[in-house]
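Here the structure comes first, spelled out in structure tokens, and everything after it is commentary.
Number of protein chains: 2
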Amino acid sequence: MSKHITMKDIAEKVGVSTVTVSKALNDKEGVGGELKQKIKAVAMELGYRLNTAAKSMREGLTYNIGVVIPERFTGPDQSFYLRVYQEIAKALESHGYYGILHILSSSDEQELQLPRVYYDRKVDGIILLGQISKPYIELMNSTRTPILFLDFYDDHSDIDAVVTDNFYGAYEMTNYLIRLGHRNIAFVGSIHSTSSIQDRFLGYYKSLLEHRIPLRQEWVLHDRDEHGTLIDIAMPAELPTAFVCNCDQVAYLVVQQLKNNGLRIPEDCSVVGFDNDIYATLTDPHLTTVEVDIEQLAQSSTQTMLGKIASPDLRHGRIVVPGKIIYRDSVRELL
Amino acid sequence: MSKHITMKDIAEKVGVSTVTVSKALNDKEGVGGELKQKIKAVAMELGYRLNTAAKSMREGLTYNIGVVIPERFTGPDQSFYLRVYQEIAKALESHGYYGILHILSSSDEQELQLPRVYYDRKVDGIILLGQISKPYIELMNSTRTPILFLDFYDDHSDIDAVVTDNFYGAYEMTNYLIRLGHRNIAFVGSIHSTSSIQDRFLGYYKSLLEHRIPLRQEWVLHDRDEHGTLIDIAMPAELPTAFVCNCDQVAYLVVQQLKNNGLRIPEDCSVVGFDNDIYATLTDPHLTTVEVDIEQLAQSSTQTMLGKIASPDLRHGRIVVPGKIIYRDSVRELL
DNA sequence: CTGAAAGCGCTTACAG
DNA sequence: CTGAAAGCGCTTACAG
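In structure tokens:
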């Protein structure tokens, strides 16, 4: 193996000290303009690459951020969080940081085992992507490592979170349906399952309230069991004219089920989703849905995390990233 | 911020030197059994965590592996490589290593810009996941960083690669169809697009050859343009009784197209896929397909990479991971 | 079995 | 504007 080039090599070649090389390469004050150019040129010529480990030790920063996703959100048919991770990795890189992914196994979550990145002191902070058990949140919170929740939050008011505006997205979507003449509108989603679903439900409910449409409990449909596993949806005896589904995958299943019952979408029944993921265009007809702004989610969480590392005591609160309705073909206007 | 605990803190508390602490914590020789236990107990009590940066600098290893995926393989509807990455991250962690994901933008690929992880000396080796342009391969190869191809290979006989056994998988699948009485079998996939598709085609062809079934060029169908974008498939005038598709997504599209032409699957026409990804069970009927063993792919590539880091001059060659036929409902027996 | 010394490559005060 | 000194936390010879 050819030895790595260090600042010392550059210093010797140029005939200055390593201190000066360090200053020049980092654009710090205290080096003459001409000398600085010279040093940079020689660095380039020699193929110098910074030894990050040395810098890390010196500064006490790893320039890594851990991204922890509970494994139940990473099945073969759930790529959403992996896509978020991908965007986070990109966003971090543009700030000179790197992401390290950790899939948290369900057993580690139950047994309150912290991710290895923590014990190896591999990261300067941890982004928790996807709702996790309360005891685990407590545990993470007790580590004094900067923590950020992404795509969920709970009653830990002392932890910062970045979330999609689930509430407002579902509210706007329901308003849209009502504007088209719908008044019999169901919500599909188990409202005690995750805070996302709960907030989407509340947005739907607010829209009903504002329009003085009573909430009918038999039109709030369960879509998953207590483990989060999707279950068959029990259709109500009296059918609504529209279904607000808590996500595209469930909307896809609802459409299938309605079709099996001989109904046409959207002629007989309108169905809307949330997320604008692969299921939105896999459904026939393509779903009207709310697009989650993954890129913005990634950027906000990256910036917030870097801010927390720089000033650990600064509070950021709950940062809400708005979504956007994508109009497609699964909704019909009622006359 | 509370100061971090170091080996020195442990050493002082126990009344020994940091050398002894280091030996004890790393299970190295030269520490008495009882003392070792004592040291470990105190480390635990104090909540000691290794400073990886210091270890890294000392040993010249980052304990990180870069995983580079060209961005064209990471669209919203392509989660396969992200899932492979996820498994690699897991496999690496069990070896005390971590993965750092880098999505290679198409412009960086064209302009031969190496990933930042390289310049920041963030990784001990790079796994290239997904076919990449030849000039870029040359470039990577010139860096003297250990490189491993994953899920593709080309004529660089001096680079190691881990691939799914595309050839054998398609060969077995075609054999299966022939065993069921099919003799008019088409292949769907642009055979100059990627080496995976090419190898799957060759496996299909070998099966035909062995059974003395002539290859009909009009039954080798294009499915994507030169950019890899999927295109409408031009069905041949005379229809075969079975389609061997190069991947599940394309099988899904073929099924749709055949259905639109009024054909029933599998009664009128059999269709098989490859990958066993989300499209396999999204298709109606569910696809008979070849499952790619993602976990094994991840483990083999991780082990090979760690082997290369330990012994840079050792050659590993092309490591082939077998797939497995998953029998479902898209194939019918011809009598 | 235990420890003093040296060094990995960098950056931050501080002195000139 | 430039550089000598010190130190980040660890581990590897080496000496006792």
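First to last, the sequence lines map onto chains A and B. Those letters in the first sequence? Residues 4 to 338, by our numbering. Those letters in the second sequence? Residues 4 to 338, by our numbering. C-beta: ideal position from N, C-alpha, C; glycine also.
Would you grab the beta carbon distance between residue i and residue j for me? Rounded to a whole angstrom, and I think it's under 8 angstroms.
{"i": "B:I106", "j": "B:I130", "result": "Not really, about 14 angstroms apart at Cβ, beyond 8 angstroms."}
{"i": "A:E112", "j": "A:I135", "result": "7 angstroms"}
{"i": "B:F277", "j": "B:D296", "result": "The pair is not a contact, with the Cβ atoms about 13 angstroms apart (cut-off 8 angstroms)."}
{"i": "A:I68", "j": "A:G102", "result": "6 angstroms"}
{"i": "B:D158", "j": "B:P325", "result": "B:D158 to B:P325, Cβ: 23 angstroms. No contact."}
{"i": "A:G33", "j": "A:K26", "result": "5 angstroms"}
{"i": "A:S199", "j": "A:F155", "result": "6 angstroms"}
{"i": "A:S82", "j": "B:L85", "result": "6 angstroms"}
{"i": "B:L309", "j": "B:H7", "result": "Rounded, the Cβ-Cβ distance is 28 angstroms, inconsistent with contact."}
{"i": "B:V247", "j": "B:Y208", "result": "Going by Cβ atoms, the distance from B:V247 to B:Y208 rounds to 10 angstroms, so no, they are not a contact pair."}
Is residue j closer than 8 angstroms to residue i when the C-beta atoms are compared?
{"i": "A:R321", "j": "B:L53", "result": "no"}
{"i": "A:I162", "j": "A:F170", "result": "no"}
{"i": "A:S273", "j": "A:H185", "result": "yes"}
{"i": "B:I236", "j": "B:L256", "result": "yes"}
{"i": "B:V334", "j": "B:L183", "result": "yes"}
{"i": "B:G192", "j": "B:V253", "result": "yes"}
{"i": "B:V87", "j": "B:V323", "result": "no"}
{"i": "B:E294", "j": "B:N279", "result": "yes"}
{"i": "A:M176", "j": "A:V258", "result": "no"}
{"i": "A:P288", "j": "A:P269", "result": "yes"}
{"i": "B:A94", "j": "B:Q260", "result": "no"}
{"i": "A:N263", "j": "A:D226", "result": "no"}
{"i": "A:I13", "j": "A:V22", "result": "no"}
{"i": "B:A57", "j": "B:L28", "result": "no"}
{"i": "A:L104", "j": "A:V126", "result": "no"}
{"i": "B:L290", "j": "B:R331", "result": "yes"}
{"i": "B:S210", "j": "B:I181", "result": "yes"}
For chain B, is any of its Cβ atoms less than 8 angstroms away from the one on residue i?
{"i": "A:G102", "result": "yes"}
{"i": "A:Y122", "result": "yes"}
{"i": "A:N144", "result": "no"}
{"i": "A:I281", "result": "yes"}
{"i": "A:K93", "result": "yes"}
{"i": "A:M176", "result": "no"}
{"i": "A:Q134", "result": "no"}
{"i": "A:N54", "result": "yes"}
{"i": "A:T77", "result": "yes"}
{"i": "A:L49", "result": "no"}
{"i": "A:L285", "result": "yes"}
{"i": "A:Q299", "result": "no"}
{"i": "A:R119", "result": "yes"}
{"i": "A:T65", "result": "yes"}
For the beta strand (DSSP E) holding residue i, just list the boundary residues, first then last.
{"i": "A:P73", "result": "N67 to P73"}
{"i": "A:K327", "result": "K327 to I329"}
{"i": "B:V191", "result": "I188 to V191"}
{"i": "A:G102", "result": "Y101 to L107"}
{"i": "A:L337", "result": "No beta strand (DSSP E) contains A:L337, which DSSP labels as neither H nor E."}
{"i": "A:I150", "result": "I150 to L153"}
So residue i is in the alpha helix (DSSP H); what residue range does that whole segment cover?
{"i": "A:R321", "result": "A:R321 -> not in any alpha helix (DSSP H); beta strand (DSSP E) instead, spanning R321 to V324."}
{"i": "A:I181", "result": "N169 to R182"}
{"i": "A:I91", "result": "F83 to E96"}
{"i": "B:L49", "result": "G36 to L49"}
{"i": "A:I129", "result": "Per DSSP, A:I129 belongs to no alpha helix (DSSP H); it is in the beta strand (DSSP E), G128 to L132."}
{"i": "B:I13", "result": "M10 to V17"}
{"i": "A:Y139", "result": "K137 to N144"}
{"i": "A:Y122", "result": "R119 to Y122"}
{"i": "B:L28", "result": "T21 to L28"}
{"i": "A:R61", "result": "T55 to E62"}
Does residue i come within less than 8 angstroms of chain A when only Cβ atoms are used?
{"i": "B:S82", "result": "yes"}
{"i": "B:A237", "result": "no"}
{"i": "B:I130", "result": "no"}
{"i": "B:E15", "result": "no"}
{"i": "B:M60", "result": "yes"}
{"i": "B:I106", "result": "yes"}
{"i": "B:A57", "result": "yes"}
{"i": "B:R321", "result": "no"}
{"i": "B:R86", "result": "yes"}
{"i": "B:T232", "result": "no"}
Regarding residue i and the ligand SAH, is the C-beta to nearest heavy atom distance less than 7 angstroms?
{"i": "A:R227", "result": "The model depicted lacks the ligand SAH and carries no ligand whatsoever."}
List in chain order: all unbroken beta strand (DSSP E) runs of 3+ residues lying wholly within the region 195-267 of chain A. 245-248
In chain order, which continuous runs of the beta strand (DSSP E) of length 3 or greater are located wholly inside the region 269-297 of chain A? 273-275 and 292-294
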